[in-house]
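Protein chains in written order, with the UniProt record's numbering: chain E, 1 to 298; chain G, 1 to 327.
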């Protein structure tokens, strides 16, 4: 019973973190048909920026409360700057190209971002534990959990809710759904698809950076975290069906609970349980749980 | 069918040159050649799949299977015979790829890339958390023997090089034949339009499955040879970033000829050595920029500079919009 509760809470924590880190990826794929490997780079940039920002702020000796503000601000700066540079600088010249080619292009961008991160912040590790520590712990069935974990769960729910509201209740969001449904028809209807591409890419990049920025206080930020997160984010969105936001939620929950279960029942399986679940889902539903039907070219 | 085409003649001519160089050149360069011959085999595996329009972002899986099969056989059974180790690596890769092929042959394009990546990451996770196998540190391999021949010192180094070079060259010749065989041609047709291939009465699934298995076998051989050259294996062999570097090589070198990825691997290996030495923190940036420039300006890779431009250019989805130019 204790294990079940632990799996439930940890699973929810993992799922929230995975959702935040992968929803931007699925959004970008849904709208732009670009499987953006550089998403891992956004995540790493966000993590470094936030850890570095919090570190600088804490040195001033001011109260820790404002450190929580640094996280979203740094994520926004990192996401918008890197997102704009990549979308305006490279991707916009390649729209309409083959999907596989775009994977390779974003892979190249990922490699470049990795080194940009190293050039800005060096190869040392950064720790910014203060915000996570400040929230203390919460006991559930006698097991102490960091309050920060629940903050991440809250932020993930908030982001999911905002995205849902934005997509279904605002003009931009509704048009975006139309673009996801059929790019060519929406272009014919007079929607400026290229403008939506830029908006989407910036939102996606910022979400990726936010995932990293929120994680920074819980981990030690080192080179290579971008390469780790991107494969997990792939698993999440592939399980849910690429391009589907409800799919990202379900995918994050499945992967989160699978990982939590393996951590508590059989720890060595932690890393590969994720991909095992993914392979199992794909064996039954080849294009994920919420995949959009697509016609084949003849 | 004893006619050799130019590629094969070049390959056969390269073998004595390579062996001669191994005696003449300083040993550190020979080492790089040997290591890149091993990884070059994996690049060949990626290349033959790319001919069918399939990008494998998980070819490191079979690279690693080969390396670990050889390593485990040496560690637990004391097998040091190179041919036995090679055979073992091939058998394990064969069995794995035939089984996984049933899953992967259903996918194309980015799904193929992602799923092959996921499968390779399963092995990565498995090996990284197995302490008996040294977790992320890996373990060492024994010095190989050859049937009843167990050389030492300098002779051992040169023998291993000569055998490696021979195996790689022979495999390249076989693969070259494969590209010209009906399977190779069906693969190119699949890249163009899979549905039409099916209408014409050929099973695209079967062709993809066979290509996947061949690529796996070649890559595992590369893994065995690479592991023996370095004397060490670790899970990094199957990390997706390793697989990504194989894709990089094929993009850079192009899929025009079997020789291209082999040369590309060596050039990259040398470039890496100097770049890491001179500026370790910008190495990946250089890689990424080169890759981007290649995709934009040389969609058929560096080999297209070597190759005579053929009058009939075809639609080529994996290299983007070389489409229709000159049709």
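In this text, a Cβ means the ideal position worked out from N, Cα and C, and glycines have one as well.
Here the structure is a predicted model, which means the values were calculated and not measured.
{"Item": "Buried/exposed call for residue 147 of chain G, threshold 16 Cβ in 10 Å", "Value": "exposed"}
{"Item": "Whole-Å CB distance - residue 224 of chain G paired with residue 57 of chain G, under 8 angstroms assumed", "Value": "22 angstroms between Cβ atoms; not a contact."}
{"Item": "Reduced DSSP category for residue 148 of chain E - H, G, I as helix; E, B as strand; rest coil", "Value": "helix"}
{"Item": "Beta strand (DSSP E) runs contained entirely in the stretch 83–137 of chain E, provided each spans 3 or more residues", "Value": "none"}
{"Item": "Inter-residue spacing [alpha-carbon to alpha-carbon] between residue 45 of chain G and residue 304 of chain G", "Value": "20 angstroms"}
{"Item": "Separation of residue 36 of chain G from residue 137 of chain G, as counted between CA atoms", "Value": "22 angstroms"}
{"Item": "Identified DSSP bridge partners for residue 232 of chain G", "Value": "G/140"}
{"Item": "Check whether residue 178 of chain E and residue 199 of chain E have beta carbons under 8 angstroms apart", "Value": "no"}
{"Item": "Validate contact between the stretch 156–176 of chain E and the stretch 242–255 of chain E using beta carbons, cut 8 angstroms, 3 pairs", "Value": "yes"}
{"Item": "Beta-ladder partner(s) of residue 221 of chain E, from DSSP", "Value": "E/126"}
{"Item": "Under the three-state DSSP convention, the category residue 37 of chain E falls into", "Value": "coil"}
{"Item": "Contacts around residue 18 of chain G, its chain only, beta-carbon distance under 6 angstroms, and the 5 residues preceding and following it disregarded", "Value": "165"}
{"Item": "Sufficient close CB pairs (3 or more, under 8 angstroms) joining the stretch 271–279 of chain E to the stretch 109–126 of chain G", "Value": "yes"}
{"Item": "Partners in chain E for residue 48 of chain G, counting only beta-carbon separations shorter than 9 angstroms", "Value": "Those within 9 angstroms of residue 48 of chain G in chain E number zero; the least Cβ separation is about 16 angstroms."}
{"Item": "The alpha helix (DSSP H) enclosing residue 259 of chain E, as first and last residue numbers", "Value": "245–265"}
{"Item": "Any chain G beta carbon closer than 8 angstroms to residue 32 of chain E", "Value": "no"}
{"Item": "Helix, strand or coil at residue 146 of chain G [DSSP, three-state]", "Value": "strand"}
{"Item": "Close-in-space but distant-in-sequence residues of the same chain around residue 178 of chain G (CB under 6 angstroms, 5 per side omitted)", "Value": "184"}
{"Item": "Selection from E/122, E/127, E/151, E/126 that minimises the alpha carbon distance to residue 136 of chain E", "Value": "E/151"}
{"Item": "Rounded Cβ spacing between residue 107 of chain E and residue 132 of chain E (contact assumed at less than 8 angstroms)", "Value": "That belief does not hold up - the Cβ atoms of residue 107 of chain E and residue 132 of chain E are roughly 32 angstroms apart, past 8 angstroms."}
{"Item": "Helix, strand or coil at residue 191 of chain E [DSSP, three-state]", "Value": "coil"}
{"Item": "Whole-angstrom distance between residue 48 of chain E and residue 226 of chain E, CA atom to CA atom", "Value": "11 angstroms"}
{"Item": "Integer Cβ distance of residue 212 of chain E from residue 45 of chain E, believed to fall under 8 angstroms", "Value": "7 angstroms"}
{"Item": "Straight-line Cα distance separating residue 94 of chain E from residue 154 of chain E", "Value": "37 angstroms"}
{"Item": "Check whether residue 14 of chain E and residue 259 of chain E have beta carbons under 8 angstroms apart", "Value": "yes"}
{"Item": "Limits of the unbroken alpha helix (DSSP H) element including residue 157 of chain G", "Value": "153–180"}
{"Item": "Same chain, Cβ closer than 7 angstroms to residue 183 of chain E, neighbours up to 5 away in sequence not counted", "Value": "193"}
{"Item": "Closest Cα partner of residue 102 of chain G within the set G/210, G/272, G/215, G/260", "Value": "G/210"}
{"Item": "Within-8 angstroms CB hit, residue 277 of chain G to chain E", "Value": "no"}
{"Item": "Chain E contacts from the stretch 53–85 of chain G (Cβ-Cβ distance under 9 angstroms)", "Value": "53, 54, 55, 57"}
{"Item": "Any 3 or more C-beta pairs closer than 8 angstroms across the stretch 254–269 of chain G and the stretch 118–126 of chain E", "Value": "no"}
{"Item": "Neighbour flag for residue 219 of chain E against chain G, beta carbons, 8 angstroms", "Value": "no"}
{"Item": "Residues within the stretch 223–253 of chain E neighbouring chain G, beta-carbon criterion of under 7 angstroms", "Value": "227, 231, 234, 235, 238"}
{"Item": "Proximal residues to residue 240 of chain E (C-beta, below 6 angstroms), its chain only, five neighbours per side dropped", "Value": "247, 248, 250, 251, 288, 289, 290"}
{"Item": "Member of G/270, G/97, G/74 whose CA lies at the smallest distance from the CA of residue 116 of chain G", "Value": "G/97"}
{"Item": "Identified DSSP bridge partners for residue 139 of chain E", "Value": "E/144"}
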